[in-house]
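To start, the structure itself, in structure tokens.
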Amino acid sequence: MELGLKGRTVLVVGASKGIGRSIVAGFAEEGCKIVAVARSEALLQEVKEECLKKGAESFDYEVQDLMECDIKAFAGKLLENYGLFDIVIHNVGGSLVSRDYFSGAEEWNYALKFNAVAAIDMNSVFLPPMVKRGNGRVIHISSISAVMLRGNPLYASAKAFLNAYVTTVGRQLASTGVLLCSVMPGAVSFEGSYWDAYVKEGHPRVADFLRHHQAIDRFGTPEEIADVVLFLASGKSSFMAAANIPVDGANM
Ligand SMILES: NC(=O)c1ccc[n+]([C@@H]2O[C@H](COP(=O)([O-])OP(=O)(O)OC[C@H]3O[C@@H](n4cnc5c(N)ncnc54)[C@H](OP(=O)(O)O)[C@@H]3O)[C@@H](O)[C@H]2O)c1
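Here the sequence shown stands for residues 0 to 251, where the numbers follow numbering that gives the first Met the number 0.
So, in structure tokens, the structure goes:
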């Protein structure tokens, strides 16, 4: 299927490893102009070399810690330096936040900012000009935890909030030509991931988790998530406004 993404400008926030790295590799293969954001400059430099080899029309990166910066100012600087993106992917997030459900606002706010509100803050800068232009794609990486609501309560709640944002705001945008949606991965494993260490040591948790929670009986790969993100970023997803799409190996 021809996705028609060649020459599109794409911002991927959280692009240096795991799912985000596969997403930028996918856009590189489609011949996109990529701007990647993460904290590790060494990894971003590696990703840049990989992506230029794979066919990216251009590749720039910005080293930034989203949890430690003025997000609106950063987003404004991205617009100034690169112009208004065609596609924005928000991938930063994760379950490795506090698991203490008795904790107070500080921990809950952190989980919420890391998994949802930092990206929403960036959207407050990107969405108005996209709506004015009449097109754009903004895709969040959520989690199947947002609907299964198990595992770390702070993480699951933050992703559930993110899904609610995508549904409610996505509907407001649906008739504007700007498509806001999310992908909800199930458990994905890759070199250095949370599950990778358990897989390598043959830990019984792995078989137990898969048997009880992921009917496909294996972990997903970052590429399997990236493929769906690329489809959503293309014109082929034109009727998928405000959708939260499970890509989860029949998570249960
Ligand atoms: N892996 C899974 O099984 C799974 C399942 C469901 C949903 N998800 C979701 O998928 C997304 C990616 O997960 P992943 O497992 O691929 O995560 P990961 O390996 O931890 O990668 C996260 C990416 O975000 C960047 N990042 C992290 N903190 C950042 C910060 N404060 N500022 C800027 N960049 C930051 C990381 O790069 P640096 O470290 O270089 O900054 C990295 O490029 C997350 O939203 C996660 O919740 C993952």
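Even glycine gets a Cβ: it sits at the ideal position worked out from N, Cα and C. Keep in mind that this is a model prediction, so the values were computed, not measured.
Beta-carbon proximity of residue i to residue j, cut-off 8 Å
i           : j           : result
residue 186 : residue 238 : no
residue 166 : residue 133 : no
residue 93  : residue 225 : no
residue 162 : residue 141 : yes
residue 58  : residue 68  : no
residue 169 : residue 90  : no
residue 88  : residue 12  : yes
residue 104 : residue 154 : no
residue 78  : residue 124 : yes
Opposing strand residues paired with residue i [DSSP bridges]
i           : result
residue 181 : 139, 243
residue 250 : 213
residue 202 : BP columns for residue 202 are empty, so no partner.
residue 91  : DSSP output for residue 91 lists no bridge partner at all.
residue 32  : 8, 57
residue 96  : Residue 96 is not bridged to any residue.
residue 187 : 219
residue 86  : 9, 136
Rounded straight-line distance, which links the Cα of residue j to that of residue i
i           : j           : result
residue 82  : residue 122 : 15 Å
residue 171 : residue 199 : 45 Å
residue 3   : residue 233 : 7 Å
residue 206 : residue 102 : 31 Å
residue 215 : residue 75  : 42 Å
residue 115 : residue 53  : 30 Å
residue 29  : residue 180 : 21 Å
residue 6   : residue 34  : 13 Å
residue 127 : residue 160 : 21 Å
residue 137 : residue 112 : 17 Å
residue 37  : residue 45  : 12 Å
residue 145 : residue 139 : 12 Å
residue 151 : residue 96  : 8 Å
residue 32  : residue 190 : 26 Å
residue 80  : residue 47  : 18 Å
residue 157 : residue 243 : 14 Å
residue 27  : residue 40  : 19 Å
residue 61  : residue 17  : 18 Å
residue 221 : residue 99  : 28 Å
residue 1   : residue 240 : 20 Å
residue 210 : residue 56  : 43 Å
residue 149 : residue 195 : 20 Å
residue 65  : residue 147 : 27 Å
Cβ-based neighbour list, residue i, same chain, cut-off 7 Å, excluding 5 preceding and 5 following
i           : result
residue 212 : 250, 251
residue 252 : The shown model of the chain, from 0 to 251, leaves out residue 252, and the question about it has no answer.
residue 245 : 143, 183
residue 107 : 153
residue 130 : 172, 175, 177
residue 73  : 63
residue 236 : 178, 230
Same chain, Cβ closer than 8 Å to residue i, neighbours up to 5 away in sequence not counted
i           : result
residue 223 : 187, 246
residue 228 : 22, 25, 88, 138, 140, 182
Residues near residue i by beta carbon distance below 6 Å, same chain, minus five either side
i           : result
residue 197 : 204, 205
residue 135 : 129, 177
residue 208 : none
Exercise for the section: Starting from the N-terminal side, write out each stretch of the alpha helix (DSSP H) that is 4 residues or longer and does not extend beyond the region 108 to 156. Expected result: 117 to 132, 144 to 147
Problem - Contained alpha helix (DSSP H) runs [length at least 4] in the region 37 to 83, N- to C-terminal order - result: 40 to 53, 70 to 81
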